[in-house]
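In full-length UniProt numbering, the protein residues as written are 1 to 102.
Here's the structure, in structure tokens; my notes come after.
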């Protein structure tokens, strides 16, 4: 399970309230790799991904104050609630059941 400080790989699709996709790691063919809980991603991700298991898919609804707030960014307007489908691909150094069999 994901905890603060873990380095994770996450596939995601980000949508605005009207369903417009503003970003997708699936389209790039490469998951986002970052450390949880150290401010490398928006606060809503740091909080919303905690306790996820490898292979889990989780829907996150992130209010503006845990995303980009009053400023917005790129295609994301100010004060936007963001909707993400996230898939935890890997936790660096995590043991899997397969590892235990070796």
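Ideal Cβ placement from N, Cα and C applies to all residues, glycine included.
None of the values given here were measured: they were computed from a predicted structure.
inquiry  = To the nearest angstrom, how far is the alpha carbon of residue 48 from that of residue 60?
reply    = For this step, residue 48 is matched to residue 48 along the chain shown. For this step, residue 60 is matched to residue 60 along the chain shown. Residue 48 and residue 60: Cα-Cα distance of roughly 7 Å.
inquiry  = Which residues does DSSP list as the beta-bridge partners of residue 90?
reply    = Walking along the chain shown from the start, residue 90 turns up at place 90. Looking at the DSSP assignment, residue 90 forms a beta bridge with 9.
query = Sorted by chain position, which residues of the same chain lie with C-beta nearer than 7 Å to residue 26's C-beta, five sequence neighbours on each side aside?
reply = Working through the chain shown from its first residue, we reach residue 26 at position 26. Exclusion of the five residues before and after residue 26 leaves 11, 13 as the residues of its chain whose Cβ lies within less than 7 Å of its Cβ.
task = State yes or no: is the C-beta of residue 78 within less than 7 Å of the C-beta of residue 65?
result = Taking the chain shown and counting its residues from 1, one reaches residue 78 at position 78. Taking the chain shown and counting its residues from 1, one reaches residue 65 at position 65. The answer is no: Cβ separation not under 7 Å.
key: From 51, 56, 76, 53, residue whose alpha carbon lies closest to that of residue 15   = Translated into the one-based positions of the chain shown, residue 15 becomes position 15. Ranking 51, 56, 76, 53 by Cα distance to residue 15 puts 76 first.
task = Have a look at residue 45 and residue 72 and give me their C-alpha separation to the nearest angstrom.
result = By 1-based counting over the chain shown, the position of residue 45 is 45. By 1-based counting over the chain shown, the position of residue 72 is 72. Approximately 16 Å, taken between the alpha carbons.
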